[in-house]
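> In our numbering, the protein residues as written are 24 to 397. Sharing a structure below in structure tokens format, with a few things to ask.
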Ligand code: ADP
């Protein structure tokens with residue numbers, strides 16, 4: 024349960040007031056006041072997030088904080104860009120900066136939060152260790168800083184990249200390919216350059232930066248199969264960023280981790296630039312068991328005997344970690360609903376803030392129901 028000096032309810036009440044006031048100011052056309060209020064609402068969300076121990080809720084609150092900041096930022100733009108206006112030209116490089124800032128996270132994922140994959144974790148930990156170690160005097164070592172993770176969706180590639188960033192204490196740029204793709208010719212290349220420029224600046228100021236690009240094959244497809252000059256140009260820009268980093272023959276402090284579930288669709292030149300290529304397969308039985316344990320026991324819940332995580336693992340052959348996470352979430356929501364039927368009544372009476380949610384051990388029937396619904 025989050026704790027505050029001034030009380031959780033009070034922080035929430037201030038937050039609700041700020042949001043209401045920000046909306047009212049926006050409606051009244053008082054944009055300066057609205058901007059300040061959205062920024063303050065973002066601060067309140069961040070306060071709640073900092074005090075939240077549940078990782079999912081914490082991430083949700085940080086997302087809300089960044090939504091509020093983005094809304095404040097939008098009100099700061101002198102005029103809204105029109106639909107025909109490329110991002111980088113009409114409203115200036117501020118838009119690039121805002122887009123890139125929205126990709127920045129501080130990762131809190133630890134290696135022990137990732138089930139199984141012992142060798143993969145070891146390999147990555149070693150590569151990250153090289154980043155942290157001092158270079159021997161008189162030698163110049165091109166430290167491996169470009170990593171390709173390939174494997175089916177939901178198998179923990181993002182988690183692995185996050186754990187690398189957390190181990191390094193690095194700023195984590197979590198990039199969705201769609202964030203970089205633009206319909207305006209040349210804009211994606213500019214965004215890639217801006218992203219790397221920002222990462223290098225951050226690395227210079229604060230240590231290290233990890234750029235993680237998911238579904239990278241959509242950004243840099245095989246140029247032989249690419250059907251437009253724009254796509255080819257993006258591949259060239261990305262290659263030059265990757266090459267630029269190594270040509271300097273010194274640590275730029277920027278590590279690039281890319282992920283794909285279609286390695287064959289990637290441009291071969293990109294694949295050849297990678298220092299490390301790691302296959303992340305669907306989890307085997309012991310890994311699934313570990314993921315169930317992390318999802319259930321590590322989150323403070325228990326299974327009703329004789330049900331065990333090993334038994335659940337046996338029932339989920341061929342499933343990815345994300346499927347397991349979803350099933351566990353479904354079970355939890357079902358149990359919460361069953362054990363907390365008075366919630367609507369308590370909401371109506373205003374007593375909900377003092378009510379502690381009840382749970383019970385998860386049964387085999389709960390899981391069977393969740394598997395059927397999945
Ligand atoms: P990918 O990037 O490969 O698509 P993610 O890293 O985003 O997959 O994983 C999605 C979710 O699945 C994670 O947030 C986590 O809850 C769960 N998950 C996947 N693999 C693992 C694992 N090995 N250990 C713990 N959780 C996992």
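Cβ atoms here follow ideal geometry from the backbone N, Cα and C, with glycine treated the same way.
Quick check: the Cα distance between residue 175 and residue 286, rounded to an integer number of angstroms?
Reading the chain shown from its first residue, position 152 is the one you call residue 175. Reading the chain shown from its first residue, position 263 is the one you call residue 286. For residue 175 and residue 286, the distance between alpha carbons rounds to 10 Å.
> Do you know how far the Cα of residue 63 is from the Cα of residue 51?
As a working note, residue 51 is residue 28 in the chain shown. As a working note, residue 63 is residue 40 in the chain shown. Approximately 18 Å, taken between the alpha carbons.
> Tell me which same chain residues have a C-beta within less than 8 Å of the C-beta of residue 288, skipping the five on either side of it?
Working through the chain shown from its first residue, we reach residue 288 at position 265. These residues qualify, in order along the chain: 240, 244, 245, 248.
> Do you know how far the Cα of residue 192 is from the Cα of residue 133?
The residue given as residue 133 occupies position 110 in the chain shown. The residue given as residue 192 occupies position 169 in the chain shown. If you take the alpha carbons of residue 133 and residue 192, they lie about 11 Å apart.
> By how many angstroms is the C-alpha of residue 365 removed from the C-alpha of residue 371?
For the purposes of this step, residue 371 is taken as the residue at position 348 of the chain shown. For the purposes of this step, residue 365 is taken as the residue at position 342 of the chain shown. Each residue's Cα considered, the two are about 10 Å apart.
> Touching or not, the segment 211-230 and the segment 251-262, by the rule of three or more beta carbon pairs under 8 Å?
Short answer: they touch.
> Compute the Euclidean distance between the alpha carbons of residue 126 and residue 216, then round it to the nearest angstrom.
Counting from one through the chain shown, the residue named residue 126 turns up at place 103. Counting from one through the chain shown, the residue named residue 216 turns up at place 193. Those two C-alpha atoms are separated by around 15 Å.
> Quick one: grab the DSSP three-state call for residue 367.
Within the chain shown, numbered from 1, the residue matching residue 367 stands at position 344. Correct three-state label for residue 367: helix.
> Just list the alpha helix (DSSP H) runs in the segment 232-290, keeping only unbroken ones of 4 residues or longer that don't cross its boundaries, in chain order.
Segments of the alpha helix (DSSP H) lying fully in the segment 232-290: 239-242, 252-270.
> Using alpha carbons as the reference points, say which of 242, 85, 190 lies closest to residue 205.
For the purposes of this step, residue 205 is taken as residue 182 along the chain shown, with counting starting at 1. Checking every option, the nearest Cα to that of residue 205 belongs to 242.
> Within its chain, find whatever has a CB closer than 6 Å to the CB of residue 200; leave out the 5 residues flanking it on each side and keep chain order.
One-based indexing of the chain shown puts residue 200 at position 177. Cβ neighbours of residue 200 beyond the five flanking positions: 238, 241, 242.
> Could you name the residues of the same chain whose beta carbon sits closer than 6 Å to that of residue 168, not counting the 5 residues immediately before and after it, in chain order?
The sequence position of residue 168 within the chain shown is 145, counting from 1. Hits under 6 Å: 278.
> In chain order, what residues of the same chain lie with their CB nearer than 8 Å to the CB of residue 294, ignoring the 5 residues before and after it?
For the purposes of this step, residue 294 is taken as the residue at position 271 of the chain shown. The answer, listed in chain order, is 171, 286, 300.
> Using a Cβ-Cβ cut-off of 6 Å (strictly less than) and excluding sequence neighbours within five positions of residue 290, which residues of its own chain qualify?
Residue mapping note: residue 290 aligns to position 267 of the chain shown, counting from 1. These residues qualify, in order along the chain: 243, 245, 246, 258.
> Kindly indicate which three-state DSSP category residue 301 falls into: helix, strand or coil?
Translated into the one-based positions of the chain shown, residue 301 becomes position 278. Residue state, collapsed to three classes: strand.
> If the criterion is Cβ atoms closer than 9 Å, does the pair residue 306 and residue 342 meet it?
As a working note, residue 306 is residue 283 in the chain shown. As a working note, residue 342 is residue 319 in the chain shown. Yes, these two residues count as a Cβ contact at 9 Å.
> Start and end of the beta strand (DSSP E) containing residue 170?
In the chain shown, the residue the question calls residue 170 occupies position 147. Per DSSP, residue 170 belongs to the beta strand (DSSP E) from 169-173.
> The ligand ADP and residue 181: does any heavy atom of the ligand fall closer than 8 Å to the residue's C-beta?
Position 158 of the chain shown, counting from 1, holds the residue named residue 181. Within the cutoff, so yes.
> By the three-class DSSP mapping on this structure, what secondary structure does residue 381 have?
As a first step, residue 381 must be located in the chain shown, where it is residue number 358. DSSP places residue 381 in coil when its eight states are reduced to three.
> Quick check on the burial criterion: 16 or more other C-beta atoms within 10 angstroms. Buried or exposed for residue 389?
Indexing the chain shown from 1 puts residue 389 at position 366. Buried.
> Taking the alpha carbon of residue 386 as the point to measure from, which residue in 325, 362, 275 has its own alpha carbon closest?
To locate residue 386, count along the chain shown from 1; it is residue 363. When only C-alpha atoms are compared, the closest one is 325.
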